[in-house]
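Structure record follows, encoded as structure tokens.
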Amino acid sequence: MYDMDKLLQDQLQALENGKSFGRVLHGLPEEAKELAPLISLVSAVHTMEHPRPSPQVAQPQRFFKNGRGTNHASQTHTRSQLPWHRLVWVSGLAGVMLVLLLGFVSMVGLGFWLTGPGSARAATLMDVSGQVEVASQNSPGSWQIASNGERVFAGSRIRTGSASSATLLFYDGSRSNLSANTDVTLNTLGGGWQKNIQVGMIQRSGVTNHSVVPLRGEKSTFIVHTPLGLASVRGTIFNVAVDNNGQARFVVSKGKVLVSNQNSQIYLIAGQVASISPDQGLSAAAYQFTLQGQINSIAPDEWIVASVPFSVTQQTVISGSLQVGDYAVVEGHLLDGGNRIADSIVPATETITTTSFTGSVDSTGVESWVVGGVTVKVNNDTQIDNDIQVGDPVRVTFVVQEDGSWLALKIESLVEEPAETPTPTPTETEIGATETLTLTETVTPTMTATPTATLTPTGTVTATVTSEPSSTPVPTFTPTPSATITATVTVSPTAVTNCTGANPQPKGLSLAQQYGVPYDEIMGWFCQGFGFGEIDLAYGLSRETGVPVPDIFEMRRSGLGWGLIKQRLHDTIAPTPTPNPGGPAPSAIPQPTSLPTITPGASSCPGPGRQPLADNIAQRYGVSYNAVVSWYCQGFSYSDIDHAYQLSQQYNVAVADIFDMRSAGLNWGQINQKLKGGNPGNHNPPHKKRP
Amino acid sequence: MYEVLNTDTLVRARSGDSGVITALYERYRLVIFRYLFYRVGDEQAAEDLTSEVFLRMLHALDGYRPQNTSFQAWLFQIARNLAIDHFRKTNLRNHIQLEENVVSQGEETDAAVEHRLDNQRLRQALAKLNEIQRDVIVLRFVAGMPITQVAQTLHKSEDSIKAIQRRGLQSLREILTEWEIPYV
Chain A
1 MYDMDKLLQD QLQALENGKS FGRVLHGLPE EAKELAPLIS LVSAVHTMEH
51 PRPSPQVAQP QRFFKNGRGT NHASQTHTRS QLPWHRLVWV SGLAGVMLVL
101 LLGFVSMVGL GFWLTGPGSA RAATLMDVSG QVEVASQNSP GSWQIASNGE
151 RVFAGSRIRT GSASSATLLF YDGSRSNLSA NTDVTLNTLG GGWQKNIQVG
201 MIQRSGVTNH SVVPLRGEKS TFIVHTPLGL ASVRGTIFNV AVDNNGQARF
251 VVSKGKVLVS NQNSQIYLIA GQVASISPDQ GLSAAAYQFT LQGQINSIAP
301 DEWIVASVPF SVTQQTVISG SLQVGDYAVV EGHLLDGGNR IADSIVPATE
351 TITTTSFTGS VDSTGVESWV VGGVTVKVNN DTQIDNDIQV GDPVRVTFVV
401 QEDGSWLALK IESLVEEPAE TPTPTPTETE IGATETLTLT ETVTPTMTAT
451 PTATLTPTGT VTATVTSEPS STPVPTFTPT PSATITATVT VSPTAVTNCT
501 GANPQPKGLS LAQQYGVPYD EIMGWFCQGF GFGEIDLAYG LSRETGVPVP
551 DIFEMRRSGL GWGLIKQRLH DTIAPTPTPN PGGPAPSAIP QPTSLPTITP
601 GASSCPGPGR QPLADNIAQR YGVSYNAVVS WYCQGFSYSD IDHAYQLSQQ
651 YNVAVADIFD MRSAGLNWGQ INQKLKGGNP GNHNPPHKKR P
Chain B
1 MYEVLNTDTL VRARSGDSGV ITALYERYRL VIFRYLFYRV GDEQAAEDLT
51 SEVFLRMLHA LDGYRPQNTS FQAWLFQIAR NLAIDHFRKT NLRNHIQLEE
101 NVVSQGEETD AAVEHRLDNQ RLRQALAKLN EIQRDVIVLR FVAGMPITQV
151 AQTLHKSEDS IKAIQRRGLQ SLREILTEWE IPYV
């Protein structure tokens, strides 16, 4: 038996901590699915626009002219003490203004619609802690103290001081957390009515952590520019750190990230890290290690922290004057063979010891595993995730034993769940993502100019399209109002076959063997952004249905989730059902008389990935996921669908009949009344009556 | 994240340091205003009361004991007390206004006019909740306050707040569903 109050709070806390809405819903136990609508409601309240005080109230000088004790009580009530004849005059003027305003609004209405919802053109600052300041595009030198709930727009620059942080919440629920001493500019911020978003930010310094909701539609982008390169994603969790020299480090916790600079690009998968430095350029993708503990020794080329030795190079950024005995946090990457290279060493704020690394599983055993070439012991206390296979990326948390061997405390799978695979396909970017255009050697970009209200760094367009090496690699982004130019990039399946840093990639090898196809073919799909789980699904479905693999991936690219793809493929080969002579089987839940069909034009509905809300409704009412999605694709909202199934159960009426009533223009009150047997025209709920 | 007001800041604020006072005002004015807007249901009154909250804060800073309660919780206690006073003073007038607004909303839904959830509809829906549920929902999800501080502000245990939070959300959901206001 769950404590629902506590469980709800835990889920809301997870949402506030940056866990995606979808994951929170998926994480709900079966018995607690009733909480899903409440979590949806909280998410809606979080993201909706709340009122703002008028500018007069926003001026503190109005109240604090002389510091403490200023008595301004009379001022606060000035408006309510206006003489009546002035009120009449003001009302008349307001009426005239209203007429003019309505005319103006009707003229710009269409244009406004085309620019997408207002909430997509702003991000909300949350969890503001310490010194966080915002400068608007119009007043770049005028820093204002940021407050919780404040909305920031394209062109805004946000910076955090020491021991300070803030979170940017975007229209679709994606979040970017800004750590201390971070400086970012939102150069692109826009989106459409279907929750597709375009986010572009320039990170000049500091550390940002991004939790990106799987992007909807081909027009969605989420790009983080750094002085030397950028990260482009379609749904993932990743971290970007930029030091004072502009050197950037990208770490991926979940999903995939395309990292690129002017010369090259790589995909990072969960557990991997890459960096871009002025002299070394873009590094290869590598697995990572993190150590926190006491410094055991310091030598010019090698340090030991928490009993783990690692190399220190000229690229290693060391903060503060650390000495043996101090506690430090070390982050670094692993070379082939397991050599550890530190990327950064900073003083630790806590005197605790934790050590971990990531890698792909080379072998598993009862007493030891080999991960990324490193042997770790396991025992009965080691927590090991289920279903880990050789080749899977994992994170190993370990302790160093007295004999120097490593004992794994926990081995976590970093393999994505296929249902939520974010597919960061390199099929699009904005012109601001200048470096990506170097793909022109292997791809065919088509550019379309789309006027939008977003701001893009147009200053670099010419220099980058020509791909000329620049003597000053730091891109200077000057946000100015302009049209957004979108480059559509299509990569052939075999254009790039090594984008993981590991060659051969064990999982790719195993899939190639399993399906008897060339390794390069598998990696071709992987390097286009399909996860190994998806590739496995596609080849499995192809084998099952006879539909060619490229056609299946094409369906996926069009935005269909794997559930719908499966359904369509099976529909094409399913035998004609024979009628049941005894009539339909009795069911507690009325089923639709016919499953709604999905119109061909709605192929992008409801977007990639399994829809958590549809899942939730399906589970609560014991109907198929596809049925729910089909209604959604017919234009009914999830609220409508929820309501329809609820009434269907309550009155034992086919849900299709209820949707028919809805489509005929009846509102829910009238439908409810009709189902009760009353006259829908007379419905008037008690709460709506005048007192 | 709601921060703890450190001793230095408190001392400076008490001594009338306009920089610190302005910073506090800038930091909290928006969330206080929004709390009051959803609490009293009138933008103009919320603006006036927001000003009043900070004036009272200035007068009461000497009595603030950071060891007993967080600064944010204390500030919201002031706001809540002012909102209660406001209701006492203008009980009848506000009551009628609020009901009229709800009636207007009801007529729209009767005409099958669909609308997304916006702040006016949220305010009207919140007005249907009981006082404590409304406080918890606004403090938690509009002001973004953690549960511990909501408990401090409302002088209740965290467990109570969790229970009120769930019941309040359930009631709010039922109201929005009845009014046919989609939120997903």
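Order-wise, the sequence lines are chains A and B.
Numbers 1 to 691, taken from my numbering, label the letters of the first sequence in order.
Numbers 1 to 184, taken from my numbering, label the letters of the second sequence in order.
Just so you know, even glycine gets a beta-carbon here, dropped at the ideal spot from N, CA and C.
Here the structure is a predicted model, which is why all the values come from computation and not from measurement.
Exercise. Would you kindly check if the distance between the Cβ of S162(A) and the Cβ of E187(A) is under 8 Å?
Key: A small correction: the amino acid at residue 187(A) is Asn; Glu does not occupy that position in the sequence shown. The Cβ atoms of N187(A) and S162(A) lie no closer than 8 Å to each other.
Quiz item: Could you give the C-beta distance for G200(A) and T160(A), rounded to a whole number, given that I count them as a contact under 8 Å?
Solution: With a Cβ gap of about 19 Å, G200(A) and T160(A) do not count as contacting.
Practice problem: Output the boundary residues of the alpha helix (DSSP H) element that contains L221(B). | Solution: Residue 221(B) is absent from the structure shown; chain B starts at 1 and stops at 184.
Self-check item: Pairwise C-alpha distance: E302(A) and V309(A)
Solution: First, the residue type needs correcting, since residue 309(A) is Pro and not Val in the sequence shown. In this model, P309(A) and E302(A) are separated by some 7 Å (Cα to Cα).
Quiz prompt | Extent of the continuous alpha helix (DSSP H) to which I39(A) belongs | solution = First-last of the alpha helix (DSSP H) with I39(A): A36 to T47.
Exercise. From the DSSP output, in three-state form, read off H225(A) for me.
Key: Of the three classes helix, strand and coil, the one that applies to H225(A) here is strand, per DSSP.
Self-check item: Nonlocal neighbours in the same chain, by C-beta distance under 6 Å from V496(A), ignoring five residues either side
Solution: With a pLDDT of 44 at V496(A), under the threshold of 50, the modelled position of that residue is not reliable, and no figure is offered here.
Quiz item: Under the rule that 16 or more other beta-carbon atoms within 10 Å means buried, what is L98(A), buried or exposed?
Solution: Flag for L98(A) reads exposed.
Quiz item: Can you tell me whether A13(B) is buried or exposed, with buried defined as 16 or more other CB within 10 angstroms of its CB?
Solution: It is buried - the Cβ of A13(B) has at least 16 other Cβ atoms within 10 Å.
Quiz prompt | As assigned by DSSP and simplified to three states, the class of R121(B) | solution = Of the three classes helix, strand and coil, the one that applies to R121(B) here is helix, per DSSP.
Quiz prompt | Contact set for S275(A): own chain, Cβ-Cβ below 6 Å, skip 5 residues either direction | solution = Here the set comprises R249 and S283.
Exercise. Return no unless some Cβ of chain D is closer than 8 Å to the Cβ of D5(A).
Key: Absent here is chain D; the protein component of the structure consists of chains A and B.
Quiz item: Does any CB atom of chain A fall closer than 8 Å to the CB of F37(B)?
Solution: So yes, F37(B) belongs to the interface.
Quiz item: In chain A, which residues lie less than 8 Å from L122(B) when you measure between Cβ atoms?
Solution: Those within 8 Å of L122(B) in chain A are V45 and M48.
Self-check item: Beta-bridge pairing of K377(A) - partner residues as DSSP gives them
Solution: K377(A) is bridged to S368(A) and L407(A).
Quiz item: Quick one: which chain A residues come within Cβ less than 8 Å of A23(B)?
Solution: By Cβ distance, chain A contributes I145.
Quiz item: With distances taken between CB atoms, is the gap from I269(A) to P393(A) smaller than 8 Å?
Solution: Yes, they are a contact pair.
Practice problem: Find the residues of chain B that neighbour E150(A), judging by a C-beta separation of less than 7 Å, and give them in chain order. | Solution: Near E150(A) (Cβ distances below 7 Å), the residues of chain B are L30.
Practice problem: Answer with buried or exposed for A664(A), where buried requires no fewer than 16 other C-beta atoms within 10 angstroms of its C-beta. | Solution: Classified as exposed, A664(A) has fewer than 16 neighbouring CB atoms from the shown chains inside 10 Å of its CB.
Quiz item: For L8(A), which residues in chain B fall below 9 Å Cβ to Cβ?
Solution: Under the 9 Å cutoff, chain B gives K162, Q165, R166 and L169.
Exercise. Whole angstroms is fine: what's the gap from V240(A)'s alpha carbon to V371(A)'s?
Key: Cα-Cα distance, rounded: 25 Å.
Quiz item: Is the CB of H643(A) under 8 Å away from at least one CB in chain B?
Solution: It does; some Cβ of chain B falls within 8 Å.
Quiz item: At least one CB of chain A closer than 8 Å to the CB of R173(B): is that the case?
Solution: Under the Cβ criterion of 8 Å, R173(B) is counted among the residues facing chain A.
Quiz prompt | DSSP three-state assignment for T484(A), whether helix, strand or coil | solution = In this prediction, T484(A) scores a pLDDT of 26, lower than 50, which makes its location untrustworthy; no coordinate-derived value is stated.
Quiz item: Since M201(A) is in the beta strand (DSSP E), which residue starts that stretch and which ends it?
Solution: Residues I197 to V212.
Quiz item: Closer than 8 Å, CB to CB, is F141(B) near chain A or not?
Solution: Interface with chain A (8 Å Cβ-Cβ cutoff): F141(B) is included.
Exercise. Would you mind reading off the limits of the alpha helix (DSSP H) that contains R56(B)?
Key: Counting along the chain, the unbroken alpha helix (DSSP H) around R56(B) starts and ends at E43 to A60.
Quiz item: From this set, I197(A), V628(A), V361(A) and H643(A), which residue's C-alpha is nearest I384(A)'s C-alpha?
Solution: Of the candidates I197(A), V628(A), V361(A) and H643(A), the one whose C-alpha sits nearest the C-alpha of I384(A) is V361(A).
Quiz item: If you draw a straight line from the C-alpha of A83(B) to the C-alpha of L129(B), how long is it?
Solution: Answer to the nearest angstrom: the Cα atoms are 16 Å apart.
Practice problem: In the DSSP assignment, find the unbroken alpha helix (DSSP H) run with I641(A) in it and report its ends. | Solution: I641(A): member of the alpha helix (DSSP H) spanning Y638 to Y651, first to last residue.
Practice problem: Determine the direct distance from the alpha carbon of G168(B) to that of S648(A), and round the result to whole angstroms. | Solution: The straight-line gap from Cα to Cα measures roughly 26 Å.
Quiz item: Would DSSP call H697(A) helix, strand or coil?
Solution: Beyond the ends of chain A as shown, which are 1 and 691, falls residue 697(A); an answer cannot be given.
Quiz item: How about F153(A) and A122(A): do their beta carbons lie closer than 8 Å?
Solution: Yes; because the gap between Cβ atoms is below 8 Å, this pair is in contact.
Practice problem: Check the C-beta distance from S319(A) over to P347(A) and give it rounded, since I have them as a contact under 8 Å. | Solution: Contact flag correct, Cβ pair sits at about 7 Å.
Practice problem: Using the Cα positions of K377(A) and G508(A), report the straight-line distance between them to the nearest angstrom. | Solution: Going from the Cα of K377(A) to the Cα of G508(A) covers about 26 Å.
Exercise. Name the residue from A285(A), Y287(A), F289(A) and D326(A) whose alpha carbon lies nearest to the alpha carbon of I298(A).
Key: Selected option, being the one with the closest Cα: D326(A).
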